[in-house]
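Have a look at the structure below, then the notes.
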Amino acid sequence: MGQQIIFYILALVIVVSSILAVTTRHIIRAATFLLFVLLCTAGLYLMLNYHFLMAVQIAVYAGGVMILFIFGIMLTHKPGMSIPNENWKRRIAALIASLVGIVLCGGIIYFNVNQVIKHFNETELPMQKLGEQLMGTDKFQYLLAFELISILLLACIVGAVMIARKRK
């Protein structure tokens, strides 16, 4: 019963903070709400006894990525400044794009989750195999994508510095 209460509290904080992160007009507050989401997600990992994922979530995402976001915000935007409202046409376009994304992701999850469940029910996936799959360089492995994302983040930092230097 206690675990259910903790789960519902974490889920409520995640949902409320997610909504506030995308609806607030102050960008530093949005980053703070995102931090709450990431920390509560780490709490969910802890409830599932995934201690390593919890530590990675806090160290990499709640720590490193949030510092990167705040660094980028400070370089490109005045911290106390409000974000102006968009006109109604752009809001409707964003709503339609969001709904299309939700339907697309939901469809992919719905149609593929049965195959994944069947696969995991047949065999147990050892951690070494999972690590090789995530950090391997062969076909259908993800090290290259991981490195490309790190290069993209570096390019974002360099771009933020260049934009900030031009404004001064």
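Heads up: take any position in the sequence shown, counting from 1, add 13, and you land on the working numbering. For every residue, glycine included, the Cβ atom is placed at its ideal position computed from N, Cα and C.
Annotated as proximal: Met67 and Tyr58, with beta-carbon spacing under 8 Å. Rounded to the nearest angstrom, the Cβ distance from Leu47 to Ala34 is 5 Å, consistent with a contact under 8 Å. Fewer than three pairs of CB atoms, one per stretch, sit closer than 8 Å, so the region 35-55 makes no contact with the region 105-117. Excluding residues up to 5 positions away in sequence, Ile27, Ser30, Ser31, Ala34 lie with their Cβ nearer than 7 Å to the Cβ of Val50 in the same chain. Every alpha helix (DSSP H) stretch that sits fully inside the region 25-91 and reaches 4 residues is listed by chain position as 40-60, 64-69, 79-89. Of Ser163, Leu52, Phe153, the smallest CA-CA separation from Gly76 is found for Leu52. Sixteen is the threshold: when 16 or more other Cβ atoms of the shown chains lie within 10 Å of the Cβ of Gly85, as they do, the residue is buried. For Tyr123, the three-state secondary structure derived from DSSP is helix.
Thr150 sits exposed, since fewer than 16 C-beta atoms from the chains shown fall within 10 Å of its C-beta. Sixteen is the threshold: when 16 or more other Cβ atoms of the shown chains lie within 10 Å of the Cβ of Gly56, as they do, the residue is buried.
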